[in-house]
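Q: Sequence order for the protein chains is F and B.
Per my numbering, the first sequence starts with residue 90, numbered consecutively.
Per my numbering, the second sequence starts with residue 90, numbered consecutively.
Below is the structure I would like to discuss, written out as structure tokens.
2 protein chains.
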Amino acid sequence: MFVILVYDTAAERNPKVLKTCRKYLHWTQRSVFHGELTAAQYRALTHTLNSVIDPSYDSIVTYTARSPDMIDRATLGATLGGPGEIL
Amino acid sequence: MFVILVYDTAAERNPKVLKTCRKYLHWTQRSVFHGELTAAQYRALTHTLNSVIDPSYDSIVTYTARSPDMIDRATLGATLGGPGEIL
């Protein structure tokens with residue numbers, strides 16, 4: 090499955106959120122990651138994130154598609170993600 | 090088509106970027122918008138954004154799918170978007 094993840098979390102929890110996201114996904118820009126995961130990896134990612142965030146304050150949204158083929162990505166302006174980031 | 094838009098733009102250009110995004114899309118959280126657009130609306134949105142940003146510094150990434158049915162959205166923790174935001 091293809092996953093786009095955006096987070097809006099308190100500064101003191103950002104390092105743990107970032108570390109978890111980097112383990113599974115590619116950084117797109119600012120508070121956004123994306124990547125291809127198995128269903129099991131996606132469950133592990135969300136399970137870990139749920140144990141890290143304060144659900145009354147932090148918010149993480151995932152958009153998922155069954156396949157990366159279903160998603161087109163376009164960049165206006167500068168490309169911030171590194172070379173491994175191309176879909 | 091379904092559009093997820095994330096922006097990373099200089100503070101002085103954020104108001105114009107936000108105004109343009111709000112005209113076409115729903116706010117998800119922080120620097121993220123999403124919504125359903127026609128191809129013509131998507132072209133108009135990207136055309137306006139290209140005229141607003143400094144392409145050597147600012148970056149806007151769009152992820153698009155042919156239909157909202159192809160995308161599942163999940164929220165961990167707090168829901169930040171307002172009621173009109175549900176897919």
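Note that the Cβ used here is the ideal one computed from N, Cα and C, for glycine as well.
Distance check for Lys-105/B and Val-141/B, CA to CA, integer angstroms please.
A: So the alpha carbons of these two residues sit roughly 7 angstroms apart.
Q: Are Ala-154/F and Ile-160/B close, meaning C-beta to C-beta below 7 angstroms?
A: Closer than 7 angstroms, so yes.
Q: Report the residues of the region 142-167 of chain F with a CB closer than 8 angstroms to any CB of chain B, ordered along the chain.
A: Those residues of the region 142-167 of chain F that come within reach of chain B (Cβ to Cβ, closer than 8 angstroms) are Ile-142, Asp-143, Pro-144, Ser-145, Tyr-146, Asp-147, Ser-148, Ile-149, Val-150, Thr-151, Tyr-152, Thr-153, Ala-154, Arg-155, Met-159, Ile-160, Asp-161, Arg-162, Ala-163, Thr-164, Leu-165, Gly-166, Ala-167.
Q: Grab me the residues of Phe-122/F's own chain with a C-beta within less than 7 angstroms of its C-beta, minus the 5 sequence neighbours each way, in chain order.
A: Only Leu-94, Cys-110, Leu-114, His-115, Trp-116 meet the Cβ criterion.
Q: Chain B partners of Thr-109/F, CB-CB under 8 angstroms?
A: None at all; the shortest Cβ gap to chain B is about 11 angstroms.
Q: Using DSSP with H/G/I as helix, E/B as strand and the rest coil, what is Leu-165/F?
A: Residue state, collapsed to three classes: strand.
Q: Can you tell me whether Leu-176/F is buried or exposed, with buried defined as 16 or more other CB within 10 angstroms of its CB?
A: The predicted model places Leu-176/F with a pLDDT of 41, which falls under 50 and marks its position as unreliable; any figure quoted below should be read in that light. Under this definition Leu-176/F is an exposed residue.
Q: What are the residues in the region 109-129 of chain F lying within 7 angstroms of chain B by C-beta distance?
A: Residues Thr-117, Gln-118, Arg-119, Ser-120, Val-121.
Q: Let me know the secondary structure DSSP gives Thr-151/F once reduced to three states.
A: Residue state, collapsed to three classes: strand.
Q: Identify whether Leu-94/B lies in helix, strand or coil by the three-state DSSP scheme.
A: Leu-94/B: strand per DSSP, three-state reduction.
Q: At which residues does the beta strand (DSSP E) containing Thr-117/F begin and terminate?
A: First-last of the beta strand (DSSP E) with Thr-117/F: 115-118.
Q: Distance check for Ala-100/B and Leu-169/B, CA to CA, integer angstroms please.
A: The alpha-carbon atoms of Leu-169/B and Ala-100/B are separated by roughly 22 angstroms.
Q: Buried or exposed: Asp-97/F, going by 16 or more other Cβ atoms within 10 Å of its Cβ?
A: Asp-97/F comes out buried.
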